[in-house]
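Chains as they are written, first to last, in the numbering used here: chain V, 2 to 388; chain L, 2 to 388.
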């Protein structure tokens, strides 16, 4: 096991009706907040009204900035920074899913910084300061509600980059599973792939002696595998939605990565896809991850066999572990297909004409991944396996 | 799933050599600390010297208070409070196991309170304020390094009581698994029972739809079951010690209880034992828990069958779930016996002459437990089952 430091102070306020606490939680930090969200879905569902009511009741003023899109854009972040400065706003409240939260985090680090906020994403400067951020979560997927990271797309060149720092972790996350009843099936499934990918990126490690966190990872994956089909069949099943929602936070709050070195190659490879083609991150991961697995499993067949046995219930073949490993990869891909996700680039309408370009961008800072170090050629091979 | 609030801000600094960070972490909170510990073991191991060196290096002054015993006593807590007030100390550093940490927490809440610190334990007044506490952990068992509670024994009447509040959670916990190499086998085993009991108290709940946390509980129990025999056979196996140590924190940092209502009856029943007879808490739990299980399993046979199947690998008998449930209880008891713990009161040298007295004390505020509500008669039955 590797040495580690783990601290996650995000306050989780979980359960039915918890959005009514939003105002009170914000009031602990600021008298005026930026209310940041996406499109009309939170207005249609009534959540917008309930959050505004809660803010007013707590005496918290707000300025609105709507319009966050999936793969959130730098231009809106820059607008948010401008508004916060002009209106002397000291807190950013994200109401939405991962894109809204990531956009809110970007605004929050941009406000106290004199330069261009994109500097943090190109790693030109490290993040040292942030306005506090709070979350009312509507989509369990990205885990951004308790993570220290943010991913933003720069439209000029369609670069999708991440920034991270401890001060970026949200102060609180209000999580009412009932808010996810109205999520379309496809978005529920994309969320499942994203959650599973967060766990699997950590699971596939070259660090040995990580028994406890292996088991926590397996428990989280099993929870998604059991509950997502239930939520798809019965969208207003509170219990299934609650299991998925809580698992999505734990999948990405850093606990499952303690003592390990995660891989993150699949995320890098997918970022290029969703950067150029604007596909949903979860759908991209459902395509990339099984292809990545096929490309790398020989680096540690036993770990893949364990994954197959513990996560998918595949009977272990001790005489032929590779068989068990491959069976686990097959089950992963089948599961994504069964919940309605694409598992090939073709299904996403992507052909093989820009693979070299994407592979070059993915590896511009050197090889990606830790379980396997992948150069541009490997990345192209993975794209090809995903065709 | 029940609504919940979860927040645990304790900073975990985990791994080889991490005690060298102690001074720097303390310096973030205070210039002068109370260095609180037990007996000579930390001096023999060299830990005492390394911690003192780290404090000096960071410019942190310290006043010492040694002498914490298992089942930590109120009188020493009161001495600690007096010292802190006299020496204007603003931070309590616990170097040791659960008893030292609990004693440190008691001192920390006693200092800013004008009345008798025991008031917090009798629940006469709620805890509202605490000096910050830091930990260098030497025994993985109690989970106090990241919990919000403290258990103290009042020698006048041998009352063992707990107090808890969010402000009591340690600010940091330095955890070096190598510090546990020298733990005697019996103490390692007692720790294992304590860790498992923390998980099982949460696992046996009447709340339905707790799939994710069930799985996290099962993962934690499996980790202990797999790694404790390794650590007993090979006391300096770093990896096994690391798994146990990290699992011990997660077992009791509140994550595994999210969305659930735990039982805690066995802890209440055991507290009377270790209050009167001064037995090691873990040993007491190894005796009480299987007896508790036998007394209550009929309240939810399916949950006990799940426990047997998932934690102990018992083949499920769907035609006779009670058989599976009982097999799981038997395995629990056998495991405790196999790792060298007593599983009967007789082995602890305890006879049946004070059972009514203990049962009366355990239930003086009403029935104990939530999975099953137990009155004094039930508690006597459980003591008898444990004979």
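Note that CB positions come from ideal geometry on N, CA and C, so glycine has one too.
Check your understanding: Using a beta-carbon distance below 8 Å, is residue 74 of chain V in contact with chain L?
Key -> By one-based count along the first chain, residue 74 of chain V stands at place 73. Answer no: the Cβ-Cβ gap between residue 74 of chain V and chain L never drops below 8 Å.
Check your understanding: Given a threshold of 16 other Cβ atoms within 10 Å of its Cβ, counted over all protein chains shown, does residue 254 of chain V qualify as buried or as exposed?
Key -> Position 253 of the first chain, counting from 1, holds the residue named residue 254 of chain V. Answer is buried; the Cβ neighbour count reaches 16.
Check your understanding: Bridge partners of residue 150 of chain L, per DSSP?
Key -> Position 149 of the second chain, counted from the first residue, corresponds to residue 150 of chain L. For residue 150 of chain L, which the question treats as bridged, DSSP gives the partners L:165.
Point to revise | Whole runs of the alpha helix (DSSP H) within the region 310-388 of chain V, excluding any shorter than 4 residues | key: 322-339, 356-363, 377-386
Review point. Taking Cβ positions only, does residue 14 of chain V come closer than 8 Å to chain L?
Key: The count along the first chain starts at 1 and reaches residue 14 of chain V at position 13. Closer than 8 Å to some Cβ of chain L, the Cβ of residue 14 of chain V qualifies, so yes.
Exercise for review: Over the uninterrupted beta strand (DSSP E) stretch that includes residue 13 of chain L, give me the two end residues.
Suggested key: By 1-based counting over the second chain, the position of residue 13 of chain L is 12. Unbroken beta strand (DSSP E) run through residue 13 of chain L: 5-15.
Review point. Is there contact here, the region 21-38 of chain V with the region 91-110 of chain V, by at least three beta-carbon pairs under 8 Å?
Key: yes
Check your understanding: Using a beta-carbon distance below 8 Å, is residue 313 of chain V in contact with chain L?
Key -> Here the question's residue 313 of chain V lines up with position 312 in the first chain. Output row for residue 313 of chain V: interface = no.
Practice item. Quickly, what does DSSP pair residue 159 of chain V with across the bridge? List them, please. Key: Reading the first chain from its first residue, position 158 is the one you call residue 159 of chain V. Looking at the DSSP assignment, residue 159 of chain V forms no beta bridge with any residue, so it has no partner.
Review point. Is residue 62 of chain L helix, strand or coil when you go by DSSP?
Key: The residue given as residue 62 of chain L occupies position 61 in the second chain. Strand, per DSSP.
Exercise for review: With DSSP collapsed to three states, give me the class of residue 121 of chain V.
Suggested key: Position 120 of the first chain holds residue 121 of chain V. The answer is helix: DSSP assigns residue 121 of chain V an H, G or I state.
Practice item. May I ask which residues mark the beginning and end of the alpha helix (DSSP H) holding residue 213 of chain L? Key: On the second chain, position 212 is the one that residue 213 of chain L refers to. Its alpha helix (DSSP H) spans residues 212-234.
Check your understanding: In three-state terms, what does DSSP make of residue 256 of chain V?
Key -> On the first chain, position 255 is the one that residue 256 of chain V refers to. Note: residue 256 of chain V maps to helix in three-state DSSP.
Practice item. Taking C-beta pairs closer than 7 Å, name the residues in chain V that residue 216 of chain L reaches, listed in chain order. Key: Numbered from its first residue, the second chain carries residue 216 of chain L at position 215. Correct list: 220, 223, 224.
Check your understanding: In whole angstroms, what separates the C-alpha of residue 426 of chain L from that of residue 322 of chain V?
Key -> Residue 426 of chain L cannot be examined here, being either before or after the span of chain L that is shown, 2 to 388.
Check your understanding: Using 8 Å as the threshold, is the region 231-239 of chain L in touch with the region 276-293 of chain L, meaning 3 or more CB pairs across them?
Key -> no
Point to revise | Test: residue 389 of chain L CB closer than 8 Å to a CB of chain V | key: Nothing in the structure corresponds to residue 389 of chain L, since chain L is present only between 2 and 388.
Check your understanding: Looking at the unbroken beta strand (DSSP E) that takes in residue 175 of chain V, where does it start and where does it end?
Key -> The residue labelled residue 175 of chain V in the question sits at position 174 within the first chain. 173-176 is the span of the beta strand (DSSP E), which, as asked, contains residue 175 of chain V.
Practice item. Report buried or exposed for residue 171 of chain V, applying the criterion of at least 16 other Cβ atoms within 10 angstroms of its Cβ. Key: Here residue 171 of chain V corresponds to residue number 170 of the first chain, with the count starting at 1. Residue 171 of chain V should be labelled buried.
Point to revise | Residue from V:367, V:168, V:150, V:163 whose Cα sits closest to the Cα of residue 130 of chain V | key: Taking the first chain and counting its residues from 1, the one referred to as residue 130 of chain V is at position 129. Closest by alpha carbon: V:168.
Check your understanding: Looking at C-alpha atoms only, which residue of V:199, V:378, V:92 is the closest neighbour of residue 252 of chain V?
Key -> The sequence position of residue 252 of chain V within the first chain is 251, counting from 1. Among V:199, V:378, V:92, the Cα nearest to that of residue 252 of chain V belongs to V:199.
Review point. So, is the C-beta of residue 31 of chain L closer than 8 Å to a C-beta in chain V?
Key: In the second chain, residue 31 of chain L corresponds to position 30, counting from 1. Residue 31 of chain L does not count as touching chain V.
Practice item. Please list, in chain order, all residues of the same chain as residue 269 of chain L whose beta carbon is under 6 Å from its beta carbon, the five residues on each side excluded. Key: As a first step, residue 269 of chain L must be located in the second chain, where it is residue number 268. Once the five neighbours on either side are set aside, the close Cβ partners of residue 269 of chain L are 363, 369.
**Study point:** Under 7 Å from the C-beta of residue 258 of chain L: neighbouring residues of chain V
**Key:** For the purposes of this step, residue 258 of chain L is taken as the residue at position 257 of the second chain. Neighbours of residue 258 of chain L on chain V: none; closest Cβ ~12 Å, over 7 Å.
Check your understanding: In the structure shown, what three-state DSSP assignment does residue 33 of chain L receive?
Key -> Taking the first residue of the second chain as position 1, residue 33 of chain L is located at position 32. Reduced to three states, the DSSP call for residue 33 of chain L is strand.
Point to revise | Contact set between residue 240 of chain V and chain L, taken where Cβ atoms lie within less than 7 Å | key: Your numbering for residue 240 of chain V matches position 239 in the first chain. Neighbours of residue 240 of chain V on chain L, chain order: 2, 210.
Exercise for review: Below 8 Å on the Cβ atoms is my guess for residue 136 of chain V versus residue 102 of chain V; work out the distance and round it to an integer in Å.
Suggested key: Sequence index remark: in the first chain, residue 136 of chain V carries index 135 (1-based). Sequence index remark: in the first chain, residue 102 of chain V carries index 101 (1-based). That belief holds up - the Cβ atoms of residue 136 of chain V and residue 102 of chain V are roughly 6 Å apart, short of 8 Å.
Exercise for review: Leaving aside the five residues before and after residue 264 of chain L along the sequence, list all residues of the same chain whose C-beta is less than 6 Å from its C-beta, in chain order.
Suggested key: Walking along the second chain from the start, residue 264 of chain L turns up at place 263. Closer than 6 Å at the Cβ level, and outside the excluded window around residue 264 of chain L, lie 202, 205, 370, 371, 372.
Check your understanding: Alpha carbon to alpha carbon, how far is residue 330 of chain V from residue 320 of chain V?
Key -> The sequence position of residue 330 of chain V within the first chain is 329, counting from 1. The sequence position of residue 320 of chain V within the first chain is 319, counting from 1. Approximately 18 Å, taken between the alpha carbons.
Point to revise | Contacts around residue 381 of chain L, its chain only, beta-carbon distance under 8 Å, and the 5 residues preceding and following it disregarded | key: Residue 381 of chain L sits at position 380 when you count from the first residue of the second chain. Cβ neighbours of residue 381 of chain L beyond the five flanking positions: 356, 357, 360.
**Study point:** Meets three-Cβ-pair contact criterion under 8 Å: the region 218-233 of chain V and the region 2-10 of chain L
**Key:** no
Practice item. Please confirm if the region 74-84 of chain L is in contact with the region 7-24 of chain L, defined as three or more CB-CB distances below 8 Å between the two stretches. Key: no
Practice item. Give every residue of the same chain whose Cβ lies closer than 8 Å to the Cβ of residue 374 of chain L, excluding the five residues on either side of it in the sequence, and list them in chain order. Key: Along the second chain, one-based indexing puts residue 374 of chain L at 373. Excluding sequence neighbours, residue 374 of chain L sits near 368.
**Study point:** Cut-off 8 Å between Cβ atoms - residues of its own chain near residue 113 of chain V, not counting five sequence neighbours on either side
**Key:** Numbered from 1 along the first chain, position 112 holds the residue referred to as residue 113 of chain V. 130, 131, 132.
Practice item. Verify the CB distance criterion: does residue 182 of chain V have a CB-CB separation below 8 Å to chain L? Key: Within the first chain, numbered from 1, the residue matching residue 182 of chain V stands at position 181. Output row for residue 182 of chain V: interface = no.
Point to revise | Range covered by the beta strand (DSSP E) that runs through residue 97 of chain V | key: Working through the first chain from its first residue, we reach residue 97 of chain V at position 96. First-last of the beta strand (DSSP E) with residue 97 of chain V: 93-97.
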